[in-house]
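A.B. asks: Each residue of the sequence shown is one higher than the one before, starting from 118 at the first, in the numbering used here. Glycine residues also receive a C-beta, built at the ideal position from the N, C-alpha and C atoms. There's a structure below that I have some questions on.
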Amino acid sequence: MENKNIRVAITHGDTNGIGYELIFKTFAEPDMLELCTPIIYGSPKIAAYHAKAMDMNANFTIINNAKDAQNGKVNIIPCFDEDVRVDLGMPTEASGQAAIKALDKAMSDYRAGAFDVLVSAPLDKQNLKVEGIPFKGVYKYVDTCLGEGEGVMNLYVNERMRVALFTDELALKNVADEVKTENIVKRTILLYKTLRRDFRITNPRIAILALNPNADGQEEKEAIIPAVNMMAESGLQAFGPYAAEDFFATDKYEAFDAVLAMYHDQGVLPFKSLQIESGVTLVAGLPVVCTAPENEPSFDIAGKGVANEISMRHAIYTAIDVYRNRIEYDKPYANPLPKLYKDKKDDGEKARYARPTSSDKKENKEHKEHREEHHEHNSHGEEQQA
């Protein structure tokens, strides 16, 4: 597996934004094509339009099947037949639908085992509807298509911290209603499992933020503190609740492997403020490794060639690292050792290490007394002979 190029599916995002610019700049570095095989889900015509508009030398190969992707090249799969008008810098219904069609094609190909990890280029949620329903984000969309019903959440990752969200895309007025002990425990366990499997952290330390400014409100007393105590008793290293302002201002986050924030702005604002360029979103809880750069479609600079691709590059790095970590983590569970002995009801040997019953103990005692009596008799006979 180490010698195989990992196949990275990249959906092109909103076609009037900076998605193609980020992709072309990322793979202009020769080392990237040695690290992985990119498969762009999008449109060769739109890709060529973006390259020409920015006067970029963007070489790519058109394929019709992801399994035909060539190593050492940027491969593009056409995801729709109709022509889509490109209006750089202007979100339109057509550009939003082009983003959805790329995601749909990628979902189908993942079910067929055509690629290893998924990276989503930036798109505009406000500009998207799926069958008339507002689009709620890549992570919820992919969860609907591929999720296993265990729940998912965004985990924001950079070089300094990992921040997960207890609630996301939820109006602030409704957050308090979700702050219940069982909900906090469930989300923290998901984060704990993600840190162990995706980041290979053996015993993660997780900080849980308070909902209220001084960490002394009703929600802390009735839900967050009981949840922390419950997890501590089970051996999970969860700590808190911490007042967000003091927690980030005094760099307390450096002592933890991840932070669970109660709502979007509480976690994302300090995350982006402390490390702007290399931020990545990992969708925790999905069967497919799914990441996205911490970029907006940035319509104001689309087509100008000034977008920074560092976050896109880190999104690909993160996806590859997580994919490899999952393989290593899952190895011991792939071929479990068979049971050494069968159950008593089977036609095999008795379980050697089964706990003795009262009748077994009685039998063993009688056998021991018999052996001692036999040993004493033999010893007496030997003394007479002497």
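Per the contact definition of three or more C-beta pairs closer than 8 Å, is the region 352-365 in contact with the region 318-333?
C.D. replies: yes
A.B. asks: Y273: buried (16+ other C-beta within 10 angstroms of its C-beta) or exposed?
C.D. replies: Here residue 273 is taken as the residue at index 156 of the sequence shown, counted from 1. It counts as buried.
A.B. asks: Are M207 and G422 close, meaning C-beta to C-beta below 8 Å?
C.D. replies: Within the sequence shown, the letter at position 90 stands for residue 207. Within the sequence shown, the letter at position 305 stands for residue 422. Not closer than 8 Å, so no.
A.B. asks: How long is the line joining the alpha carbons of D226 and K290, rounded to whole angstroms?
C.D. replies: Indexing the sequence shown from 1 puts residue 226 at position 109. Indexing the sequence shown from 1 puts residue 290 at position 173. Each residue's alpha carbon lies about 39 Å from the other.
A.B. asks: Within the chosen definition, does the region 342-353 reach the region 394-407 through at least 3 CB pairs nearer than 8 Å?
C.D. replies: For the pair of segments examined, the region 342-353 was found not to touch the region 394-407: the number of CB pairs separated by less than 8 Å stays below three.
A.B. asks: Can you grab the Cα-Cα spacing for the pair A451 / I444, in whole Å?
C.D. replies: For the purposes of this step, residue 451 is identified with residue 334 of the sequence shown, where counting begins at 1. For the purposes of this step, residue 444 is identified with residue 327 of the sequence shown, where counting begins at 1. The C-alpha of I444 is placed about 10 Å away from the C-alpha of A451.
A.B. asks: Could you check what DSSP says for T515 in three-state terms: helix, strand or coil?
C.D. replies: Because the chain is modelled from 118 through 503, residue 515 falls outside the range shown and cannot be assessed.
A.B. asks: Counting only beta-carbon separations shorter than 8 Å, does N300 have a partner in chain B?
C.D. replies: No chain B appears in the structure shown, which is made up of a single protein chain.
A.B. asks: Roughly how many angstroms lie between the CA atoms of D233 and D198, to the nearest whole one?
C.D. replies: Taking the sequence shown and counting its residues from 1, one reaches residue 233 at position 116. Taking the sequence shown and counting its residues from 1, one reaches residue 198 at position 81. Computed Cα separation, rounded: 25 Å.
A.B. asks: Between T132, R277, N122, A164, which has its C-alpha nearest E210's C-alpha?
C.D. replies: For the purposes of this step, residue 210 is taken as the residue at position 93 of the sequence shown. For the set T132, R277, N122, A164, the Cα lying nearest the Cα of E210 is the one of T132.
A.B. asks: Per DSSP, what kind of secondary structure is L312 in: helix, strand or coil?
C.D. replies: Along the sequence shown, read from residue 1 onward, the residue named residue 312 stands at position 195. Helix.
A.B. asks: For T128, is the classification buried or exposed, using 16 other Cβ atoms within 10 angstroms of its Cβ as the cut-off for buried?
C.D. replies: The residue labelled residue 128 in the question sits at position 11 within the sequence shown. The residue is buried, with at least 16 neighbouring Cβ atoms inside 10 Å.
A.B. asks: Suppose contacts are defined by Cβ-Cβ distances below 8 Å. Is A186 in contact with R228 by that definition?
C.D. replies: The count along the sequence shown starts at 1 and reaches residue 186 at position 69. The count along the sequence shown starts at 1 and reaches residue 228 at position 111. No, they are not a contact pair.
A.B. asks: Does DSSP put I180 in a helix, in a strand, or in coil?
C.D. replies: Indexing the sequence shown from 1 puts residue 180 at position 63. In the structure shown, I180 sits in coil (DSSP, three-state: anything other than H, G, I, E or B).
A.B. asks: Alpha carbon to alpha carbon, how far is G130 from G189?
C.D. replies: The residue labelled residue 130 in the question sits at position 13 within the sequence shown. The residue labelled residue 189 in the question sits at position 72 within the sequence shown. About 23 Å.
A.B. asks: Examine the Cβ distances between the region 277-287 and the region 298-317 and report whether three or more of them are shorter than 8 Å.
C.D. replies: yes
A.B. asks: How should I157 be labelled, buried or exposed, when 16 other C-beta atoms within 10 angstroms of its C-beta is the threshold for buried?
C.D. replies: One-based indexing of the sequence shown puts residue 157 at position 40. Buried.
A.B. asks: Check whether the Cβ of G402 lies closer than 7 Å to any heavy atom of the ligand MN, and answer yes or no.
C.D. replies: By its list of ligands, the structure shown contains no ligand whatsoever, and the ligand MN lies outside what it can speak to.
A.B. asks: Does DSSP put A401 in a helix, a strand or coil?
C.D. replies: Within the sequence shown, residue 401 is the residue found at index 284, counting from 1. A401: strand per DSSP, three-state reduction.
A.B. asks: How would you label I135, buried or exposed, when you count the other beta carbons within 10 angstroms and need 16 or more for buried?
C.D. replies: Stepping through the sequence shown from its first residue, residue 135 is reached at position 18. By the neighbour-count rule (16 or more Cβ atoms within 10 Å), I135 is buried.
A.B. asks: Alpha carbon to alpha carbon, how far is K303 from M270? Give it in angstroms, no decimals.
C.D. replies: Within the sequence shown, the letter at position 153 stands for residue 270. Within the sequence shown, the letter at position 186 stands for residue 303. M270 and K303: Cα-Cα distance of roughly 11 Å.
A.B. asks: Name the one or two DSSP bridge partners that V274 has.
C.D. replies: The count along the sequence shown starts at 1 and reaches residue 274 at position 157. According to DSSP, V274 bridges with R279, V397.
A.B. asks: Please report how far the alpha carbon of V400 lies from the alpha carbon of I427, in whole angstroms.
C.D. replies: Position 283 of the sequence shown, counted from the start, is the residue given in the question as residue 400. Position 310 of the sequence shown, counted from the start, is the residue given in the question as residue 427. Roughly 19 Å between the two C-alpha positions.
A.B. asks: By the DSSP assignment, the beta strand (DSSP E) with F356 in it spans what residues?
C.D. replies: As a working mapping, residue 356 is identified with position 239 in the sequence shown. Taken as a continuous stretch (DSSP letters only), the beta strand (DSSP E) holding F356 covers 355-359.
A.B. asks: Between M348 and F388, what straight-line distance do the alpha-carbon atoms span, to the nearest angstrom?
C.D. replies: If you number the sequence shown from 1, residue 348 lands on position 231. If you number the sequence shown from 1, residue 388 lands on position 271. Spanning the two alpha carbons is a distance of roughly 25 Å.
A.B. asks: In the DSSP assignment, find the beta strand (DSSP E) that holds N291 and state where it starts and stops.
C.D. replies: The residue labelled residue 291 in the question sits at position 174 within the sequence shown. Per DSSP, N291 belongs to no beta strand (DSSP E); it is in the alpha helix (DSSP H), 289-295.
A.B. asks: Between which two residues does the alpha helix (DSSP H) containing V376 stretch?
C.D. replies: As a first step, residue 376 is located in the sequence shown; it is residue number 259 there, counting from the start. First-last for V376: 375-378, but that is the beta strand (DSSP E), not the alpha helix (DSSP H).
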